[in-house]
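Read the structure below first, then the notes.
Residue numbers (our numbering): 17 to 240.
In C-alpha cells form, the structure reads like this:
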C-alpha cells in the first residue's frame, strides 16, 4: 500500500455543511470510541481529496481521532480561483467557512461530544488560527503544516489553543515566516522543523514525520 493510500479506520461518510448561503462538501470519519475530532483546513487550491491530507487523516484515524476533511470553496468558487488565486488568500472568507463548519460540528449529533482541533496547511493555517482566536472555548489545539500563520496577523496573540507549527527545513522563506508568527503567539506553542523537507513534504519520510508530530500534539492536548 503506498504512503498516499492508507486505509481509513472508522465510519466514513460524505456530509454537506451549510455555511451562510453555501453548502460545503466534506468527508467525516469517526473511529470507534473517538473523543476528539480534527478539522482539516487546507489552502492554495487544495481540496478534501488532497493525498497529503488524506494520508495524515488516516494516521489520525489510526490513533482514534475523528477527522473532517472539507472543501472551503464551492465548485464554482474553485473554478474562479484556479484563474485568479484570489479566494485562497482571502483569510476572512476562509475563516468564516471554518467557524461555520465548527459550529455545525458542535451541533451535529455525531460530533457534538467531541473535542475539536484544527490541522491547517498553507493559507488554511492562517484561517485555522483566526478561527481558533474567535472560538477560544471550542478549539483545543492547532497544528500547521507548511502553513502561513503570519497571515493570521493581529489574531495571533489572541489564540488560546496550544499551537504546533511544522515546517520543512528546506522551505527557507516559510521557516522565517513561521518563526515570526511563533513570536507573536502567547499560548503554548512549538515550532518543529523537519530536516530535508520542502514545502509539500514530498521527500521520503517527511510526511510520515508530519503525521507523527500532529498525532502526538492532538493526542496530548485533545484526549487527556
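Yeah, the Cβ is synthetic: ideal placement off N, Cα and C, and Gly gets one too.
Where does residue i sit, in a helix, a strand or coil, going by DSSP?
i	result
residue 169	helix
residue 41	strand
residue 29	strand
residue 112	helix
residue 216	coil
residue 229	helix
residue 154	coil
residue 18	Unreliable placement is indicated for residue 18, whose pLDDT of 39 sits below 50; no coordinate value is reported for it.
residue 128	coil
residue 73	helix
residue 85	strand
residue 164	coil
residue 201	coil
Could you give the C-beta distance for residue i and residue j, rounded to a whole number, given that I count them as a contact under 8 Å?
i	j	result
residue 52	residue 131	4 Å
residue 212	residue 185	6 Å
residue 166	residue 204	Not quite, the Cβ-Cβ distance comes to about 19 Å (not below 8 Å), so this is no contact.
residue 146	residue 182	So it is not a contact: roughly 19 Å between Cβ atoms.
residue 57	residue 114	5 Å
Measure the CB-CB distance between residue i and residue j and report whether it falls below 9 Å.
i	j	result
residue 238	residue 156	yes
residue 82	residue 44	yes
residue 175	residue 199	no
Compute the Euclidean distance between the alpha carbons of residue i and residue j, then round it to the nearest angstrom.
i	j	result
residue 69	residue 162	12 Å
residue 67	residue 216	11 Å
residue 201	residue 46	31 Å
residue 137	residue 128	25 Å
residue 38	residue 236	34 Å
residue 180	residue 190	15 Å
residue 207	residue 226	12 Å
residue 152	residue 144	12 Å
residue 48	residue 116	26 Å
residue 77	residue 92	31 Å
For the beta strand (DSSP E) that residue i lies in, which residues bound it at each end?
i	result
residue 56	52 to 57
residue 239	From DSSP, residue 239 is part of no beta strand (DSSP E); its letter is neither H nor E.
residue 208	205 to 210
Starting from residue i and walking both ways along the alpha helix (DSSP H), at which residues does that stretch end?
i	result
residue 66	Where residue 66 is concerned, there is no enclosing alpha helix (DSSP H), given that its DSSP letter is neither H nor E.
residue 141	139 to 150
residue 177	Residue 177 -> no alpha helix (DSSP H), and no H or E assigned at all.
With a threshold of 8 Å (Cβ to nearest heavy atom), would residue i be considered close to the ligand FMN?
i	result
residue 180	The ligand FMN is not among the ligands present in this structure, which contains no ligands whatsoever.
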